[in-house]
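Undergrad:
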Amino acid sequence: DSGVTQTPKHLITATGQRVTLRCSPRSGDLSVYWYQQSLDQGLQFLIQYYNGEERAKGNILERFSAQQFPDLHSELNLSSLELGDSALYFCASSVGVNYGYTFGSGTRLTVV
Amino acid sequence: SQELEQSPQSLIVQEGKNLTINCTSSKTLYGLYWYKQKYGEGLIFLMMLQKGGEEKSHEKITAKLDEKKQQSSLHITASQPSHAGIYLCGADGTGTASKLTFGTGTRLQVTL
Chain A
6 DSGVTQTPKH
16 LITATGQRVT
26 LRCSPRSGDL
36 SVYWYQQSLD
46 QGLQFLIQYY
56 NGEERAKGNI
66 LERFSAQQFP
76 DLHSELNLSS
86 LELGDSALYF
96 CASSVGVNYG
106 YTFGSGTRLT
116 VV
Chain B
4 SQELEQSPQS
14 LIVQEGKNLT
24 INCTSSKTLY
34 GLYWYKQKYG
44 EGLIFLMMLQ
54 KGGEEKSHEK
64 ITAKLDEKKQ
74 QSSLHITASQ
84 PSHAGIYLCG
94 ADGTGTASKL
104 TFGTGTRLQV
114 TL
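As they're listed, the protein sequences go chains A and B. In this text, residue positions in the first sequence follow the numbering used here: the first is 6, and each later residue adds one. In this text, residue positions in the second sequence follow the numbering used here: the first is 4, and each later residue adds one.
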């Protein structure tokens, strides 16, 4: 157990639907990062939050949004889902620079 | 934006053999991270390198960051089936750890 908790582990939903992925960072970590991993694109950075504020943004689609709550857990919202959104979504947390990231076990999203 | 190229893309080695995986960056590396991923699972942090010429070891895995800080190598000595998986290098191209960019990964299989 890495200390980063992601729920649910698996999600199957239909095109056009909306889902929410949840991440609880490791205790003491203020930064949360979201990544998408697909077979053709590899591991792609989506967005980072630090202590409730958006800190960095990657190739995140407008249909996707995220937030970090006062208790530091984070949610990634995916809407108007398309088949191509099927992927593994990882959350990682970090205490700061020089300490690397700790990844959760991921949420496997399948859009049918 | 920073790009990371890993080579080889895949590798099959016999148990007991040594192997090397390379990670080359298009820009100067401020921090280079090695992770291992078992198929469809989360990423496990292996090592972080920051200074040119730095070398770190953990059990039978050694990673080096070259002097010019644009390339890193991961060397496994006397490979075992437990070493099988996908090895990913991640780089911090800004020095702020605001996000890590990952290479496409090297898939390692260890045969008996």
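Ideal Cβ placement from N, Cα and C applies to all residues, glycine included.
1) Step through the CB atoms of chain B and report whether any lies within less than 8 angstroms of the CB of Gly57(A).
2) Answer with buried or exposed for Phe108(A), where buried requires no fewer than 16 other C-beta atoms within 10 angstroms of its C-beta.
3) For the stretch 40-51 of chain A, which residues have a beta carbon sitting closer than 7 angstroms to at least one beta carbon of chain B?
4) With DSSP as the reference, label His131(A) as helix, strand or coil.
5) Please list, in chain order, the residues of the stretch 34-46 of chain B that have any C-beta partner in chain A closer than 9 angstroms.
6) To the nearest angstrom, how far is the alpha carbon of Phe48(B) from that of Leu91(B)?
7) By the criterion of Cβ-Cβ separation under 7 angstroms, what are the contact partners of Ser7(A) in chain B?
8) Here's the rule I'm using: 16 or more other beta-carbon atoms within 10 Å means buried, otherwise exposed. How should Tyr42(B) be labelled?
9) If you drop the 5 nearest sequence neighbours on each side, which residues of the same chain put their C-beta closer than 6 angstroms to that of Gly57(A)?
10) Bridge partners of Ser76(B), per DSSP?
11) What's the C-alpha gap between Glu2(B) and Gln42(A)?
12) Indicate the three-state DSSP secondary structure (helix, strand or coil) for Ser84(A) in the structure shown.
13) What would DSSP say about Asp95(B), mapped onto helix, strand or coil?
14) Against chain A, which members of the stretch 54-81 of chain B pass a CB distance test of less than 8 angstroms?
TA: Answer, in terms of the structure:
1) no
2) buried
3) Cβ contacts with chain B come from Gly47, Leu48 and Phe50.
4) Here chain A has residues from 6 to 117 only, and residue 131(A) is not among them.
5) Gly34, Tyr36, Tyr38, Gln40, Gly43, Glu44, Gly45 and Leu46
6) Going by C-alpha positions, Phe48(B) is about 10 angstroms away from Leu91(B).
7) Gly45
8) exposed
9) Gln73
10) Asn25(B) and Lys67(B)
11) Coverage of chain B is limited to positions 4 through 115, which leaves residue 2(B) absent and any answer about it impossible.
12) Ser84(A) falls in the coil class under three-state DSSP.
13) DSSP, reduced to helix, strand and coil, places Asp95(B) within a strand of the structure shown.
14) Shown here is that no member of the stretch 54-81 of chain B has a Cβ falling below 8 angstroms from a Cβ of chain A.
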